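Residue numbers (this note's numbering), protein chains in the order written: chain E, 569 to 930; chain Z, 569 to 930.
Protein chains: 2
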Amino acid sequence: MPSRFVMTSLNSRRAYVVGLGLIGASLAKALGEVGWLVSGDDADPRVRAAALDEGVIVDFTLSDEHTLLFVATPAGSVAEIANSLLHSFRNPSLVVSDVAGVKGSIVRDVLDPRFVGGHPMAGSERRGLKGAKADLFQGCNWILTPTDMTKPETYIALHGVLREIGANVVGVRADDHDRLVAIASHVPHLLAGALMNEAAFTAQTDAVLLQLAAGGFRDMTRIAAGDPSIWPDVLFENRDAVTDTLVALEKRLENLRIAIADESRDIIEESLASASEARRTLPGRALSSENLTYLRVGVADQPGVLASVTRAASELLVNIYDIEIAHGIEGIGGTLLLAVDSAQASLLLDELLTLGFTVVQE
Amino acid sequence: MPSRFVMTSLNSRRAYVVGLGLIGASLAKALGEVGWLVSGDDADPRVRAAALDEGVIVDFTLSDEHTLLFVATPAGSVAEIANSLLHSFRNPSLVVSDVAGVKGSIVRDVLDPRFVGGHPMAGSERRGLKGAKADLFQGCNWILTPTDMTKPETYIALHGVLREIGANVVGVRADDHDRLVAIASHVPHLLAGALMNEAAFTAQTDAVLLQLAAGGFRDMTRIAAGDPSIWPDVLFENRDAVTDTLVALEKRLENLRIAIADESRDIIEESLASASEARRTLPGRALSSENLTYLRVGVADQPGVLASVTRAASELLVNIYDIEIAHGIEGIGGTLLLAVDSAQASLLLDELLTLGFTVVQE
């Protein structure tokens, strides 16, 4: 893909990763492959020793020279560790991020312009340092959740680094992220588990059941085979969105059950027809383009501008492949340069104009 | 696979298929490929004309020479058509079967020793005569639901024909079948539809959701893409089992929701751990063997013997590859010859002895 962008605006290429599980260690490897010098640490002494032995990290020492810090620990511990790091290292161009699957509670607890929450949507059946691989994020969607407090430079620097390791960056609000993963990931896991348990319960008296279960059942329960230990924390952190989604699904199942009792053919057929239509038009996962158009967006130096622009893009399903900032020489404004798919450029341009931005297509 | 069995005991190789949709037309083609002369018909004049044109059937005429009749119409119409055929054709060695996805109501309504209900578990995203193919049933599990009224010869002849077209025959009770498909097929379809609809509803305000939906969500909603029009009939016919299963699943989801509200880590982790274990040990679908052992079972000529033997086998997950009957010369008893996987032969032998049968392993 052609790009006019310098891949990172950070002034050193030294990164630090706290937590060397599957995601943290894969991130350390991926950064190492594109020329970063990566230090890191893990709470488990065997993991930290193995990470050093295998060259996943070069040492354990965090210093002022590190410009990019990732907190890759379980969701429940991210805020405390990130705040501690931000408090200890005062460098204004420092960038701190995380990789937890829940974002709202974290961005509410880490109030620093140098922090932006992140979530790589890179599922893997592999586990821990042993399962880590440098190409885990190639082509994956990496969600960032900037807030009104996030400094645009923080977001833009991180976006550039994530592009370097092959990820597609999508900016959404933290609370929207949490609602999205509730319906797209957390509740599907609970459904798959409940269906599998109900089938196993029935199979106690009808052993042949599980042998006869066909492809559809196998598809629907596949994710239930994963590691159960990560889920309680994720579900507790995302309790509100998960609860709302479960209630909505229970209601939908109850309505179908009543429609079956009443032989309400139309209700059942309409419900399944709309699901069929939605599933068949589910957009593909690939977010990539060979044909980029550049938009230059005039922005005032005021809180939330970056979050507004990235949110407008994600709402329109316009992927921002690259993003760069040029401050005005007076320091009271500047320009965001966005690279987007040429086919989508006018869509985003119109929306940004509607939102009151000055936009020029190059 | 070695077999000592004559593949069919029927005394003509002329079959008739009523309803030439995906399953009926595939069945006609499959029978044609193994040397049957197949007639048939369809309510849709274009379908019947196309079936004749394409050589799926040789003519539309049903006569005394047809020894094997399949009713391949929607579940709601099977009993009436089967009863009409059984009434019109009195040949005692006639075999009549069906292919509907629900069995309890049908076997209760078709009370004839020459009928045995069937259900090929051959899913396909293809539809209608156009989608039909001769190898649709190769390696698929074909469930038969003999009752106490079913004549052993009926079951055995049908078993032989289905083996000819490549299916693995599994005998279970009709009500058990209906409970099995409720949890293995019908309710998963409803779940997939409800999840897809809820996601589509959320996506109205968060368009990026569907683009970010990862592999797990895609797996879980895949079956929702199918043809919605077949479902109301299936769900109404299997209302009791579907309703019971939906209620049980709603209860499981409610319990998980309460456990999340209470932060009951143990309940969530135990539930997901048992699901993970059950999913990872889900038996494979392949039911085939190169290594057969033959069991000779002495049976009195009394109702239900065949159903008892096939049910015992399916409960033990022992697949009966082939089955044949030899009547005693006095006509007051006989012998069933069963071919089963050698590794499972003693399991079935012990169970049949426990049930009071005389069994000899050859």
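Cβ atoms here follow ideal geometry from the backbone N, Cα and C, with glycine treated the same way. This one's a predicted model, so the numbers in the text were calculated from it and none came from an experiment.
Classification of residue i by the beta-carbon crowding that lies within 10 angstroms, buried from 16 upward
i	result
glutamate 831/Z	exposed
serine 652/E	exposed
threonine 770/Z	buried
asparagine 859/E	exposed
serine 607/Z	buried
lysine 931/Z	Residue 931/Z lies beyond the range of chain Z shown here (569 to 930); nothing can be said about it.
lysine 819/E	exposed
leucine 679/E	exposed
tyrosine 584/E	buried
asparagine 659/Z	exposed
leucine 855/E	Confidence in leucine 855/E is poor, its pLDDT being 49 and thus under 50, which makes the residue's placement unreliable; the coordinate value appears in the next sentence. Classification of leucine 855/E: buried, given that the 10 Å Cβ count is 16 or more.
histidine 655/Z	exposed
Close-in-space but distant-in-sequence residues of the same chain around residue i (CB under 8 Å, 5 per side omitted)
i	result
leucine 916/Z	Leu863, Ala880, Ala881, Leu884, Val886, Leu906, Val908
alanine 598/E	Ala702, Asp703, Leu704, Phe705, Ile733, Gly734
leucine 814/E	Val755, Leu758
alanine 619/Z	Leu588, Ala593, Ala596, Gly608, Asp610, Ile625, Leu697
serine 876/Z	Leu923
Run of the beta strand (DSSP E) containing residue i, from where it starts to where it stops
i	result
serine 665/Z	663-666
glutamine 929/E	926-929
valine 684/E	683-688
alanine 583/Z	582-586
threonine 713/Z	709-713
glycine 608/Z	605-609
valine 639/E	636-639
Where the alpha helix (DSSP H) through residue i begins and ends
i	result
glycine 866/E	Unbroken run through glycine 866/E is the beta strand (DSSP E), 860-867; no alpha helix (DSSP H).
isoleucine 791/Z	Counting along the chain, isoleucine 791/Z falls outside any alpha helix (DSSP H), and DSSP gives it neither H nor E.
asparagine 651/Z	643-656
valine 877/E	873-883
alanine 907/E	Where alanine 907/E is concerned, there is no enclosing alpha helix (DSSP H), although the beta strand (DSSP E) it sits in stretches over 902-909.
serine 546/E	In the structure displayed, chain E extends from 569 to 930; residue 546/E sits before or after that span and is not available.
leucine 697/E	696-699
threonine 922/E	913-922
valine 670/Z	No alpha helix (DSSP H) contains valine 670/Z, which DSSP labels as neither H nor E.
asparagine 615/Z	Per the sequence shown, residue 615/Z should be read as valine rather than asparagine. It spans 613-621 - the alpha helix (DSSP H) in which valine 615/Z sits, taken as one unbroken run.
leucine 679/Z	Neither: leucine 679/Z is in no alpha helix (DSSP H) and is coded neither H nor E.
serine 594/Z	590-601
leucine 778/E	776-780
Within chain Z, the residues that residue i reaches when beta carbons sit closer than 7 Å
i	result
isoleucine 591/E	Those within 7 Å of isoleucine 591/E in chain Z number zero; the least Cβ separation is about 14 Å.
glycine 744/E	Correcting the residue identity first, residue 744/E is aspartate in this sequence and not glycine. The answer, in chain order, is Asp774.
proline 796/E	Glu837, Leu840, Ala841, Ser844
Contact test: residue i Cβ vs the ligand MN heavy atom, cutoff 7 Å
i	result
leucine 904/Z	You won't find the ligand MN in this model; it holds no ligand whatsoever.
Sequence-distant residues of its chain with Cβ nearer than 7 Å to residue i (five each side left out)
i	result
threonine 789/Z	Ala760, Leu763, Met764
glycine 669/Z	Ala643, His687, Val749, Val802
valine 626/Z	Leu605, Val606, Ser607
glutamate 919/Z	Ala880, Leu884
valine 602/E	Glu732, Ile733
alanine 913/E	Thr861, Leu863, Gln929
aspartate 795/E	Arg695
Within chain E, the residues that residue i reaches when beta carbons sit closer than 7 Å
i	result
methionine 764/Z	Ala843, Ala846, Arg847
tryptophan 604/Z	Here the premise fails: no neighbours, minimum Cβ distance about 26 Å.
alanine 816/Z	Glu766
aspartate 810/Z	For the sequence presented, residue 810/Z should be read as valine rather than aspartate. Neighbours of valine 810/Z on chain E, chain order: Ile828.
glutamate 831/Z	Phe804
glutamate 822/Z	Glu818
Chain-ordered neighbours of residue i on chain E, where CB pairs are closer than 9 Å
i	result
threonine 813/Z	Glu766, Thr770
serine 645/Z	Within 9 Å Cβ-Cβ: nothing; serine 645/Z doesn't reach chain E, min ~15 Å.
Neighbour list for residue i in chain Z, Cβ cutoff strictly below 8 Å
i	result
glycine 713/E	A quick correction: the sequence has threonine, not glycine, at residue 713/E. Within 8 Å Cβ-Cβ: nothing; threonine 713/E doesn't reach chain Z, min ~12 Å.
aspartate 787/E	Asp787, Met788, Arg790, Ile791
tryptophan 799/E	Ile836, Glu837, Leu840
alanine 875/E	Chain Z residues near alanine 875/E: none, gap ~14 Å exceeds 8 Å.
Sequence-distant residues of the same chain with beta carbon closer than 6 Å to residue i, five excluded per side
i	result
glutamate 898/E	The predicted position of glutamate 898/E is uncertain, since its pLDDT is 45 and thus under 50; a value taken from the coordinates is nonetheless stated next. Result list for glutamate 898/E: empty, nothing under 6 Å.
phenylalanine 628/E	Asp609
serine 673/E	Glu805
histidine 745/E	Lys671, Ile711, Thr713
Chain-ordered chain Z contacts of residue i [CB-CB under 9 Å]
i	result
arginine 695/E	What arginine 695/E touches in chain Z: nothing, since even the nearest Cβ is about 13 Å away.
proline 688/E	None at all; the shortest Cβ gap to chain Z is about 11 Å.
glycine 902/E	Correct list: empty, because the minimum Cβ distance to chain Z is about 26 Å.
Item checked: Whole alpha helix (DSSP H) elements within the region 721-762 of chain E, 4-residue minimum -> With a minimum length of 4 residues, the continuous alpha helix (DSSP H) runs that stay inside the region 721-762 of chain E are 742-749.
Next item on the list: Could you tell me which uninterrupted alpha helix (DSSP H) segments, each at least 4 residues in length, are contained entirely in the region 806-833 of chain E, listed from first to last along the chain?
Entry: Whole alpha helix (DSSP H) segments, 4+ residues: 807-829.
Checklist line | Under 8 Å (Cβ pairs) to chain A, residues found in the region 724-756 of chain Z | finding: The structure shown has no chain A; the protein chains it does contain are E and Z.
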